[in-house]
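**Student:** Pasting a structure below so you can have a look.
Numbering (this note's numbering), first residue to last: 30 to 365.
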């Protein structure tokens, strides 16, 4: 993306990724010729093509700085920027540095991180912990505002509200467990299930309509912020941005990391918060085998006021309300 006269101009390049699967032994990955080995070979060619494309575009644009977020599409751009001696700035949201960021970090002039520096191997002299930029209006709800928003959303203001979300696309394991134990949950709390657009209609057909239950496929940013702010407890995956949003809201949370993602980055994200006693951690395999473990975790947390206060206080220590400004300053310093 390139800023031109106040507008964002979007250009595309060819890019390829290295397919790796967390917890799958290397020998098994090498044996999967059609699904892993061959696609990796093809994508290596794409990486070369993308680097040539990036070189041409950057040579034409001559930007003052390149800012990368670590996705595989950043690698050819970063390589081309290094060849052309254009300063590179990295922001790494996850507690586990991705392969692209690890490669580009040797050439980067500045590196910003989403978690404390002790979780990274980047050179400390050029690395700064700033958190993950979230909407500036994301802040803890007062009890009065929480009750008001609950009422506006159609929930009882006097009953605890649990928001269950698997991210923008939903999470099948979380959805399945929630459906199986919904009657148990609704016996002591209201529930908002953000199931993902591909799953919501099927779940609505399976579960009868209740006044203290809402099932959504997707919520826009402001609506989602209100839903999370109104919640007494949030059940979620462990994406870096999601965790920082929950931190900004000081929200007691039960976190179920996706163990199958490349590099196990959600597991490592969750470990950072667990070590700080800022979340309740629930294992994905346990959730699948024992869906009632979700009910037990929610009930035990809601019933213990001291636990709720501790979770709220500890997760809020990760909030970085000035992350966006700090990131902008770092980029401008590198450009100069």
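Don't be surprised by glycine CBs; every beta carbon is placed ideally from N, CA and C.
Apart from the five residues just before and just after residue 162, which ones in its own chain have a Cβ nearer than 7 angstroms to its Cβ?
**Tutor:** To locate residue 162, count along the chain shown from 1; it is residue 133. If we look at residue 162 and ignore the five residues flanking it on each side, its Cβ neighbours are 352, 353 and 356.
**Student:** Taking only three categories from DSSP, how would you classify residue 96?
**Tutor:** Taking the first residue of the chain shown as 1, we reach residue 96 at position 67. Correct three-state label for residue 96: strand.
**Student:** According to the Cβ coordinates, are residue 191 and residue 264 closer than 8 angstroms?
**Tutor:** Position 162 of the chain shown, counting from 1, holds the residue named residue 191. Position 235 of the chain shown, counting from 1, holds the residue named residue 264. Result yes, Cβ atoms of residue 191 and residue 264 sit closer than 8 angstroms.
**Student:** Could you tell me the distance, in whole angstroms, from the CA atom of residue 80 to the CA atom of residue 217?
**Tutor:** As a working mapping, residue 80 is identified with position 51 in the chain shown. As a working mapping, residue 217 is identified with position 188 in the chain shown. Approximately 56 angstroms between the Cα atoms of the pair.
**Student:** Assuming residue 259 and residue 179 form a contact by the criterion Cβ under 8 angstroms, report the distance between their Cβ atoms to the nearest whole angstrom.
**Tutor:** In the chain shown, the residue the question calls residue 259 occupies position 230. In the chain shown, the residue the question calls residue 179 occupies position 150. Residue 259 to residue 179, Cβ: 5 angstroms. Contact.
**Student:** Considering residue 156, what are the terminal residues of the beta strand (DSSP E) in which it resides?
**Tutor:** By one-based count along the chain shown, residue 156 stands at place 127. Residue 156 -> beta strand (DSSP E) spans 156-158.
**Student:** For residue 253 and residue 138, I'd like the C-alpha separation in whole angstroms.
**Tutor:** Reading the chain shown from its first residue, position 224 is the one you call residue 253. Reading the chain shown from its first residue, position 109 is the one you call residue 138. Rounded to whole angstroms, residue 253 to residue 138 spans 36 angstroms at the Cα level.
**Student:** Opposite residue 262 in the DSSP bridges: which residues?
**Tutor:** By 1-based counting over the chain shown, the position of residue 262 is 233. DSSP, once it has assigned bridges, lists 191 as partnering residue 262.
**Student:** Helix, strand or coil, according to DSSP, for residue 125 in the structure here?
**Tutor:** The residue labelled residue 125 in the question sits at position 96 within the chain shown. In this structure, residue 125 counts as coil in the three-state DSSP scheme.
**Student:** By Cβ distance below 6 angstroms, which residues in the same chain neighbour residue 151 in space, the five residues on each side in sequence not counted?
**Tutor:** Here residue 151 refers to the residue found at position 122 of the chain shown. So the qualifying residues of the chain are 134 and 140.
**Student:** Could you check what DSSP says for residue 222 in three-state terms: helix, strand or coil?
**Tutor:** Stepping through the chain shown from its first residue, residue 222 is reached at position 193. DSSP places residue 222 in strand when its eight states are reduced to three.
**Student:** With a cut-off of 8 angstroms on the beta carbons, I'd call residue 299 and residue 347 a contact; round off their distance for me.
**Tutor:** Within the chain shown, numbered from 1, the residue matching residue 299 stands at position 270. Within the chain shown, numbered from 1, the residue matching residue 347 stands at position 318. Between residue 347 and residue 299 the Cβ distance is about 12 angstroms, and since that is not below 8 angstroms, they are no contact.
**Student:** Do residue 243 and residue 197 have their C-beta atoms closer together than 8 angstroms?
**Tutor:** The residue labelled residue 243 in the question sits at position 214 within the chain shown. The residue labelled residue 197 in the question sits at position 168 within the chain shown. For residue 243 and residue 197, no; Cβs fall outside 8 angstroms.
**Student:** With DSSP run on the structure shown, which of helix, strand or coil describes residue 267?
**Tutor:** Here residue 267 refers to the residue found at position 238 when the chain shown is read from its first residue. Of the three classes helix, strand and coil, the one that applies to residue 267 here is coil, per DSSP.
**Student:** Check residue 118 in the structure and name its three-state DSSP category.
**Tutor:** Here the question's residue 118 lines up with position 89 in the chain shown. Reduced to three states, the DSSP call for residue 118 is strand.
**Student:** Taking only the alpha-carbon atoms, compute the straight-line gap between residue 148 and residue 294 and give it to the nearest angstrom.
**Tutor:** Here the question's residue 148 lines up with position 119 in the chain shown. Here the question's residue 294 lines up with position 265 in the chain shown. If I take the Cα positions, the gap works out to 12 angstroms.
**Student:** Is residue 224 closer than 8 angstroms to residue 246 when the C-beta atoms are compared?
**Tutor:** As a first step, residue 246 is located in the chain shown; it is residue number 217 there, counting from the start. As a first step, residue 224 is located in the chain shown; it is residue number 195 there, counting from the start. Their beta carbons are under 8 angstroms apart, which means residue 246 touches residue 224 by this criterion.
**Student:** So, residue 363 versus residue 118, is the Cβ gap smaller than 8 angstroms?
**Tutor:** Start at 1 with the first residue of the chain shown, and residue 363 comes out as number 334. Start at 1 with the first residue of the chain shown, and residue 118 comes out as number 89. Yes, Cβ-Cβ distance for residue 363 and residue 118 is below 8 angstroms.
**Student:** Please report how far the alpha carbon of residue 256 lies from the alpha carbon of residue 204, in whole angstroms.
**Tutor:** To locate residue 256, count along the chain shown from 1; it is residue 227. To locate residue 204, count along the chain shown from 1; it is residue 175. Cα-Cα distance, rounded: 17 angstroms.
**Student:** Could you check where the alpha helix (DSSP H) with residue 294 kicks off and where it finishes?
**Tutor:** Along the chain shown, read from residue 1 onward, the residue named residue 294 stands at position 265. From DSSP, the alpha helix (DSSP H) with residue 294 extends over 294-304.
**Student:** Return the CA-CA distance between residue 142 and residue 269, expressed in angstroms with no decimal places.
**Tutor:** By 1-based counting over the chain shown, the position of residue 142 is 113. By 1-based counting over the chain shown, the position of residue 269 is 240. Computed Cα separation, rounded: 11 angstroms.
**Student:** Counting C-beta neighbours from all protein chains within 10 Å, is the total for residue 70 16 or more, i.e. buried, or is it exposed?
**Tutor:** By 1-based counting over the chain shown, the position of residue 70 is 41. Label assigned to residue 70: exposed.
**Student:** Kindly indicate which residue of 271, 65, 231 and 305 has the alpha-carbon position closest to the one of residue 46.
**Tutor:** On the chain shown, position 17 is the one that residue 46 refers to. For the residues 271, 65, 231 and 305, the minimum Cα distance to residue 46 belongs to 65.
**Student:** Just how far apart, CA to CA, sit residue 226 and residue 350?
**Tutor:** For this step, residue 226 is matched to residue 197 along the chain shown. For this step, residue 350 is matched to residue 321 along the chain shown. Residue 226 and residue 350: Cα-Cα distance of roughly 30 angstroms.
**Student:** If you compare alpha carbons, which of 232, 193 and 328 is closest to residue 285?
**Tutor:** Here residue 285 refers to the residue found at position 256 when the chain shown is read from its first residue. When each option's Cα is compared against that of residue 285, the closest is 193.
**Student:** According to DSSP, which residues form a beta bridge with residue 282?
**Tutor:** Position 253 of the chain shown, counting from 1, holds the residue named residue 282. 263, per the DSSP bridge assignment.
**Student:** Suppose you measure from the CA of residue 88 to the CA of residue 114; what does that come to, to the nearest Å?
**Tutor:** For the purposes of this step, residue 88 is taken as the residue at position 59 of the chain shown. For the purposes of this step, residue 114 is taken as the residue at position 85 of the chain shown. Cα-Cα distance, rounded: 11 angstroms.
**Student:** In the structure shown, what three-state DSSP assignment does residue 309 receive?
**Tutor:** Mapped onto the chain shown, residue 309 falls at position 280. Of the three classes helix, strand and coil, the one that applies to residue 309 here is strand, per DSSP.
**Student:** Measure the alpha-carbon distance for residue 132 versus residue 105 and round it to whole angstroms.
**Tutor:** Reading the chain shown from its first residue, position 103 is the one you call residue 132. Reading the chain shown from its first residue, position 76 is the one you call residue 105. About 11 angstroms.
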